[in-house]
Amino acid sequence: MRWVPGGGSPGGEGAGVGNCRDVVVGWFAGGLWGSMAGMGSRKPSAKAKQVAAFKSQLVDLSDPFAREETRRKRMSGEKEAALRKKACESKNRYSSRSEALIVIEECAEHGTIGLHAYRCPYCDGWHLTSKPPRD
Ligand SMILES: [Zn+2]
């Protein structure tokens, strides 16, 4: 009397599990393959994003240079204004060289010698300087 309840069912279940595992492995492999395929298809767009980010970085990098250029131009403008003020606006202006020379003689009489008259490139007049003329 060997009554095995559900005899054959363990083997069947085993086979079923095996089948199920095969199905799971197959499904998992398919999932892996699918995800790998997905990665493969996403790569170009990811690279495109990197390229876009790189290009945007290039644009961002060019802006500071542009600002630096603008700042340098403004500083040279301020320097120009300072030079102008020092060489022109802060000085007495004479309309002619002879007038400037008269003032130089007057200054020499008062003890201030070594003055020179020069034509001002800013106001087109004449100013006096204690520095020797360059030309
Ligand atoms: Zn001047």
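Per our numbering, numbering of the sequence shown is gapless, rising by one per residue and ending at 140.
C-beta: ideal position from N, C-alpha, C; glycine also.
What is the DSSP secondary structure of residue i, reduced to helix, strand or coil?
i    : result
T117 : coil
G31  : Reliability fails at G31, whose pLDDT of 49 lies under 50, so the model's placement of it is uncertain and the value that follows must be treated cautiously. G31 falls in the helix class under three-state DSSP.
Could you check whether the Cβ of residue i sits closer than 8 angstroms to any heavy atom belonging to ligand 1?
i    : result
R79  : no
C125 : yes
A92  : yes
K96  : yes
C112 : no
H132 : yes
According to DSSP, which residues form a beta bridge with residue i?
i  : result
Y5 : Beyond the ends of the chain as shown, which are 6 and 140, falls residue 5; an answer cannot be given.
By the 10 Å Cβ neighbour count, where 16 or more other Cβ atoms means buried, how is residue i classified, buried or exposed?
i    : result
H115 : exposed
A51  : exposed
A58  : exposed
A113 : exposed
A53  : exposed
A105 : buried
A122 : buried
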